[in-house]
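**Q** Residue 546 in the UniProt record's numbering sits at position 546 of the sequence shown; the count goes up by one each step and never skips. All C-beta atoms in this analysis are idealised placements derived from N, C-alpha and C, irrespective of residue type, glycine included. Since this is a predicted model, take the numbers as computed values, not measurements.
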Amino acid sequence: MVSALTAFLIRVRVLVNRLSARLGLGENGFLVVLAVLIGIVTAGAAVSFHELIRLIRVYLYGGVADGALYGRHVWLLVLFPAAGGLAVGLANWLLARGRGAGAAAAGHGVVDVMETVTRASGWLRPRAALETLVTSAVTIGTGGSAGAEGPIVQIGAAISSGFGRAFALARPQAPVLIGCGTAAGISAVFDAPIGGVIFTLEVILYDFSIRAFAPIVLASVIANVTTRAIFHRLQPGMEHAIFAMPQNVGAGQELNWPSLPSFVVLGLLCGGVGVTLTRLMYRTEELFRRAPIPRPLKPAVGGALLGVLGVSYVVIFGWLLLDRIKPIDYYAMPAFFGDGYVVVQQLFDPKFYAQWDPPKLALVLAFLVGAKVVGTCLTLGSGGSGGVIAPSLFLGAASGALLGLALQRLGLSAGVGIGFYALVGMGAVLAAVVHAPLAAILILFEVTQQRGVILPAMLASVVATGTARLIFRDSIYTLGLRRRGVTVGTSSDLRILRRMTVDQVELDPVNAVKLDTPFEHLVRLTAESGAVDFVAFDPAGTYAGLVTADDVRTALLQPEAIPLLLAGEVVRPEVPCVSSADDLAGVLETFSRFEVSRLPVCVAGTPGHVIGLISRGALMRRYHRALTES
Numbered sequence: 001m002v003s004a005l006t007a008f009l010i011r012v013r014v015l016v017n018r019l020s021a022r023l024g025l026g027e028n029g030f031l032v033v034l035a036v037l038i039g040i041v042t043a044g045a046a047v048s049f050h051e052l053i054r055l056i057r058v059y060l061y062g063g064v065a066d067g068a069l070y071g072r073h074v075w076l077l078v079l080f081p082a083a084g085g086l087a088v089g090l091a092n093w094l095l096a097r098g099r100g101a102g103a104a105a106a107g108h109g110v111v112d113v114m115e116t117v118t119r120a121s122g123w124l125r126p127r128a129a130l131e132t133l134v135t136s137a138v139t140i141g142t143g144g145s146a147g148a149e150g151p152i153v154q155i156g157a158a159i160s161s162g163f164g165r166a167f168a169l170a171r172p173q174a175p176v177l178i179g180c181g182t183a184a185g186i187s188a189v190f191d192a193p194i195g196g197v198i199f200t201l202e203v204i205l206y207d208f209s210i211r212a213f214a215p216i217v218l219a220s221v222i223a224n225v226t227t228r229a230i231f232h233r234l235q236p237g238m239e240h241a242i243f244a245m246p247q248n249v250g251a252g253q254e255l256n257w258p259s260l261p262s263f264v265v266l267g268l269l270c271g272g273v274g275v276t277l278t279r280l281m282y283r284t285e286e287l288f289r290r291a292p293i294p295r296p297l298k299p300a301v302g303g304a305l306l307g308v309l310g311v312s313y314v315v316i317f318g319w320l321l322l323d324r325i326k327p328i329d330y331y332a333m334p335a336f337f338g339d340g341y342v343v344v345q346q347l348f349d350p351k352f353y354a355q356w357d358p359p360k361l362a363l364v365l366a367f368l369v370g371a372k373v374v375g376t377c378l379t380l381g382s383g384g385s386g387g388v389i390a391p392s393l394f395l396g397a398a399s400g401a402l403l404g405l406a407l408q409r410l411g412l413s414a415g416v417g418i419g420f421y422a423l424v425g426m427g428a429v430l431a432a433v434v435h436a437p438l439a440a441i442l443i444l445f446e447v448t449q450q451r452g453v454i455l456p457a458m459l460a461s462v463v464a465t466g467t468a469r470l471i472f473r474d475s476i477y478t479l480g481l482r483r484r485g486v487t488v489g490t491s492s493d494l495r496i497l498r499r500m501t502v503d504q505v506e507l508d509p510v511n512a513v514k515l516d517t518p519f520e521h522l523v524r525l526t527a528e529s530g531a532v533d534f535v536a537f538d539p540a541g542t543y544a545g546l547v548t549a550d551d552v553r554t555a556l557l558q559p560e561a562i563p564l565l566l567a568g569e570v571v572r573p574e575v576p577c578v579s580s581a582d583d584l585a586g587v588l589e590t591f592s593r594f595e596v597s598r599l600p601v602c603v604a605g606t607p608g609h610v611i612g613l614i615s616r617g618a619l620m621r622r623y624h625r626a627l628t629e630s
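Written out as C-alpha cells, the structure is:
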C-alpha cells in the first residue's frame with residue numbers, strides 16, 4: 001500500500017516536471033507546486049500552534065483572579081512553569097527513547113533545522129512537527145520564557161520534509177524545500193512575508209540564488225495570505241492576530257543629526273545584551289547537562305527557578321515598591337513569562353510612561369532585562385522547547401525603553417519618544433542575537449508598517465551586530481552548531497559541498513592487499529601498474545587501513561628492510577573509511593586532518609565494505625562542476 005502510494009506520488013512529480021519543462025518553466029516546476037502546499041499547511045500549523053498556546057495560557061493564568069494569583073496563591077507562579085517543564089521533560093524523554101538512545105529531543109528549533117540542512121540526511125522527521133508543536137505550546141503556555149518563532153521554523157521544516165519524503169525528492173532539493181517551510185512559518189507568525197524570506201536565506205540557507213529564491217518567496221506569500229484568511233474567519237474584523245502591532249508606532253519619527261548618536265548608543269547597548277543572552281544560554285545549557293538531575297526533571301527544575309524569579313518580581317516590585325498586586329497590568333503572567341508580546345506593545349504607548357514615576361520605572365525595566373535573559377536561559381537551557389526571537393524582541397524593547405527614559409531625563413532624547421527607542425531596540429537586539437541585520441530590519445518594518453523606523457533600525461541593527469561580532473564571533477544559532485561539531489561558514493564552498501555526497505563523485509578502483517602481504521609486492525605493483533594507494537584488509541576481509549604512496553616512498557629510503565616488511569607494518573589504521581552517504585564538506589575536512597590524497601569509501605551502513613577510493617582531485621572537479629551549474 002505504502003510502496004504503491006509512493007510510486008504514484010513519484011509519477012505525479014515526474015509528470016509535473018515534464019509539463020513544466022515543456023512550458024519553458026524549467027525542470028523544477030514541481031518545487032513550485034510543493035511551495036504552495038507547504039505554505040498552506042504551515043499556515044494551518046502556525047494558527048493551531050498559536051491557538052494552543054493561547055488556550056493553555058487562558059486556562060491556567062486566566063482561570064485564577066489576579067487578586068488570588070498575585071496574592072495568597074502566588075505559589076502558582078512556581079507551580080505552573082514547573083508543571084509545564086515536567087510535562088515537556090517527560091515527553092522529550094519518552095520520544096527520545098522511542099527513537100533510540102542517541103536521539104535528540106526537541107529543543108532549539110532553528111539550530112536543529114540548520115544542522116539538518118548543513119550536514120545530516122537533508123530531511124527532518126515529519127513527526128517532529130507535531131512533537132514540537134505540542135511541547136513548545138506547553139512550554140510557552142505554562143509561562144516558559146520563550147517564543148513561538150523557533151518552533152514554527154522547525155514545524156515548517158518538518159512539514160516540508162514530509163512532502164519531500166513522500167514524493168521521493170533528491171537530497172540536493174532538500175535545502176530549498178526546507179527553506180519554503182521556514183519562510184512560511186516566519187511569514188505566518190509575524191505577518192512578515194519579506195522578512196520570512198530574508199531570514200531563511202540569511203540565517204538558514206546562506207543562499208541567495210534565484211533557484212532558491214522563487215519557491216521560498218511563493219511559500220512565504222501563500223502562508224501569509226492563508227493565515228490572514230484563517231484569522232479573519234476566527235476573529236471577524238481582524239486579518240492577522242499572531243503579532244499585532246499598533247500601526248501608529250513611530251509616526252513622525254525620523255533619523256536626523258541630533259538623534260543619530262543616541263541610536264548608535266542604542267546599537268552598542270543592544271549588541272551587549274545580545275551577546276549576554278547568547279553566551280549565558282549555552283553556559284546554562286552546559287550547567288544543566290552536567291547537573292546530577294534525571295533528564296526528564298531538568299525542564300521542571302528550570303521552570304521552578306523561573307517561577308521563583310517571577311514571585312520575587314511580584315513581591316519586590318509589586319507589593320513593596322509600587323504597592324499593587326502586580327507591577328504591569330494587561331498581561332496575565334509576570335511580564336517576563338511567555339513571549340511577553342503584550343508587555344512589548346505597552347512599551348510603545350506614550351500613555352504607559354505617563355502612569356509611572358520615572359525612577360521606579362527605570363528599576364522595573366532594568367529588572368525585566370535581567371530577568372528575561374535569566375528566565376530564557378533557564379527555560380531553554382534546562383530542556384524546554386521554544387525560540388529565542390520573542391525573548392530578543394522583548395529584551396530590545398525593554399533595553400530601548402530604558403535608554404530612552406535615561407536620555408529623556410538627561411535632556412538628550414533629541415525629541416525622540418521613549419516608545420520609539422523601544423521599537424528600534426527590538427530590531428537591534430534581534431540582529432545582535434541572530435547576526436542577521438537585514439532580516440531584523442525587514443521584520444521590524446513589516447510588523448510596524450512605519451517608514452520612519454527604517455533608517456534608525458538600519459543604524460542601530462548594524463551597530464548592534466558589529467558590536468556582537470566584535471565581542472563574540474558566533475550568533476546564538478552558529479554557536480549551537482559549533483557545539484554539535486558542525487563547521488559554520490557563509491562561503492559558497494561549504495554551502496555547495498554540504499549538499500553533495502560521496503556517491504556523486506567518480507571513484508578510483510581499489511588496490512586491495514592483505515595485512516600479511518609482503519611489502520615487496522606493493523613496490524612491484526607500484527612500478528608495474530602505477531598503483532598509488534593500497535587498501536589493506538584483515539583476514540576476515542574487513543577494512544584495516546590505508547597504505548599511501550608516501551608510506552611506500554618512505555620505506556624505499558631503507559631498501560635493506562623491504563624484504564622483511566609486511567603491509568600490516570606500514571598500514572595507517574587511523575585513516576577512516578568514509579561513507580558513500582557522507583557530505584563532501586566533511587570528506588574535505590577528513591583529507592586535511594589525515595593529510596592523504598585519497599580516502600577509501602565504504603557502502604553506507606556497512607563500514608567494512610570498500611567500494612572505491614575518492615581522491616581530492618575528483619572531489620574538487622565535482623565541486624567546480626556543481627559551482628558552474630549553480
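#1: Any chance the stretch 374 to 391 sits against the stretch 415 to 423, with 3 or more Cβ pairs inside 8 Å?
#2: The alpha helix (DSSP H) spanning Leu-444 covers which residue range?
#3: Can you give, in chain order, each stretch of the beta strand (DSSP E) that sits fully within the UniProt domain "CBS" (571 to 629) and has at least 3 residues?
#4: How far does the beta strand (DSSP E) with Ala-544 in it extend, from its first residue to its last?
#5: Could you spell out where the alpha helix (DSSP H) holding Ala-43 opens and where it closes?
#6: Kindly indicate if chain B contains any beta-carbon less than 8 Å away from that of Phe-352.
#7: Between the C-alpha atoms of Gly-426 and Ala-397, what's the straight-line distance to the nearest angstrom?
#8: Per the contact definition of three or more C-beta pairs closer than 8 Å, is the stretch 67 to 84 in contact with the stretch 301 to 318?
#9: Taking the alpha-carbon of Ile-159 as reference, which of Ala-146, Ile-40 and Gly-144 has the nearest alpha-carbon?
#10: Given a cut-off of 8 Å, decide if Val-502 and Asp-582 are closer than it, judged by their beta-carbon atoms.
#11: Hey, could you find the ends of the beta strand (DSSP E) Ala-390 is sitting in?
#12: Suppose the cutoff is 7 Å on Cβ atoms and the five residues either side in sequence are ignored; what does the same chain contact list for Arg-279 look like?
#13: Considering Val-513, what are the terminal residues of the alpha helix (DSSP H) in which it resides?
#14: Classify Thr-501 as helix, strand or coil using the three-state DSSP reduction.
#15: Since Ser-580 contacts Ile-611 with CB under 8 Å, what's their CB separation in whole angstroms?
#16: Would you tell me roughly how many angstroms separate the C-alpha atoms of Glu-115 and Val-203, rounded to the nearest one?
#17: Smallest Cα separation from Arg-11: which of Ala-168, Pro-456, Trp-123 and Gln-450?
#18: Classify Ile-614: buried if its beta carbon has 16 or more other beta carbons within 10 angstroms, exposed otherwise.
#19: Does the beta-carbon of Gln-345 have 16 or more other beta-carbons within 10 angstroms, so that it is buried, or is it exposed?
#20: Between the C-alpha atoms of Glu-574 and Gly-545, what's the straight-line distance to the nearest angstrom?
#21: Note the first and the last residue of the continuous alpha helix (DSSP H) segment covering Phe-288.
#22: Spell out the partners DSSP gives Asp-323 in its beta bridges.
#23: Report the three-state DSSP secondary structure of Phe-190 (helix, strand or coil).
#24: What residue does the alpha helix (DSSP H) around Phe-367 start on, and which one ends it?
#25: How far does the alpha helix (DSSP H) with Val-429 in it reach, from first residue to last?
#26: Taking 6 Å as the limit between beta carbons, can you name the residues of its chain near Gly-102, skipping five residues before and five after?
#27: From Ile-216 to Leu-31, what does the alpha carbon distance come to, in whole angstroms?
#28: Given this structure, state the Cα-to-Cα distance separating Gly-185 from Ser-48, to the nearest angstrom.
#29: Could you have a look at Asp-349 and say whether DSSP puts it in helix, strand or coil?
#30: Flag this pair as yes or no: are the beta carbons of Lys-360 and Phe-336 separated by less than 8 Å?
#31: Decide yes or no for the touch test of the stretch 131 to 144 against the stretch 80 to 89: beta carbon pairs closer than 8 Å, at least 3 of them.
#32: Might you give, ordered along the chain, the residues of its own chain that have their beta carbon closer than 6 Å to the beta carbon of Asp-516, omitting 5 neighbours on each side?
#33: Considering Phe-537, what are the terminal residues of the beta strand (DSSP E) in which it resides?
#34: Is the separation between the beta-carbon of Pro-294 and that of Leu-90 shorter than 8 Å?
#35: Is the Cβ-Cβ distance between Pro-358 and Arg-409 less than 8 Å?
#36: Return helix, strand or coil for Asp-551, following the three-state DSSP convention.
**A** Quick answer:
#1: The stretch 415 to 423 and the stretch 374 to 391 do not touch, with fewer than three beta-carbon pairs separated by less than 8 Å.
#2: Residues 437 to 448.
#3: Whole beta strand (DSSP E) segments, 3+ residues: 598 to 602 and 610 to 615.
#4: Residues 543 to 547.
#5: That run of the alpha helix (DSSP H) goes 29 to 61.
#6: As a matter of chain content, chain B is missing from the structure shown, which is built from one protein chain.
#7: The amino acid at residue 426 is misidentified as Gly; the sequence shows Met. CA-CA distance, Met-426 to Ala-397, rounds to 5 Å.
#8: Judged by Cβ distances under 8 Å, the stretch 301 to 318 makes contact with the stretch 67 to 84, as three or more pairs qualify.
#9: For Ile-159, the nearest C-alpha among the options comes from Ile-40.
#10: The answer is yes: Cβ separation under 8 Å.
#11: Segment 389 to 410 is the alpha helix (DSSP H) holding Ala-390; no beta strand (DSSP E) there.
#12: So the list reads Phe-472, once near-sequence residues are dropped.
#13: Run containing Val-513: none in the alpha helix (DSSP H); it sits in the beta strand (DSSP E), 512 to 514.
#14: The DSSP-derived three-state label of Thr-501 is strand.
#15: Taking the Cβ atoms as the reference, Ser-580 lies roughly 7 Å from Ile-611, within the contact range of under 8 Å.
#16: Here the alpha carbon of Glu-115 sits roughly 12 Å from the alpha carbon of Val-203.
#17: Across the set Ala-168, Pro-456, Trp-123 and Gln-450, the C-alpha of Ala-168 shows the shortest separation from the C-alpha of Arg-11.
#18: That one is buried.
#19: Buried, since its Cβ has 16 or more Cβ neighbours within 10 Å.
#20: Distance between Glu-574 and Gly-545, taken at the CA atoms: about 7 Å.
#21: For Phe-288, the enclosing alpha helix (DSSP H) has its first and last residue at 260 to 290.
#22: Here Asp-323 is not bridged, per DSSP, to any residue.
#23: It is helical.
#24: Element bounds for Phe-367: 358 to 381.
#25: Per DSSP, Val-429 belongs to the alpha helix (DSSP H) from 418 to 434.
#26: Low per-residue confidence applies at Gly-102: pLDDT is 39, beneath 50, and the placement is therefore not dependable, though the value from the model is reported in the following sentence. Within its own chain, no residue has a Cβ closer than 6 Å to the Cβ of Gly-102 once the five positions on either side in sequence are excluded.
#27: Spanning the two alpha carbons is a distance of roughly 9 Å.
#28: It is roughly 12 Å from the alpha-carbon of Gly-185 to the alpha-carbon of Ser-48.
#29: Here Asp-349 sits in coil by DSSP.
#30: Contact flag unset, no.
#31: The way I'd put it, the stretch 131 to 144 does touch the stretch 80 to 89; three or more beta-carbon pairs between them come closer than 8 Å.
#32: Once the five neighbours on either side are set aside, the close Cβ partners of Asp-516 are Leu-566.
#33: Boundaries of the beta strand (DSSP E) around Phe-537: 534 to 537.
#34: Here Pro-294 is not near Leu-90, since their CB atoms are 8 Å or more apart.
#35: In contact: Pro-358 and Arg-409 (Cβ atoms closer than 8 Å).
#36: Three-state result, Asp-551: helix.
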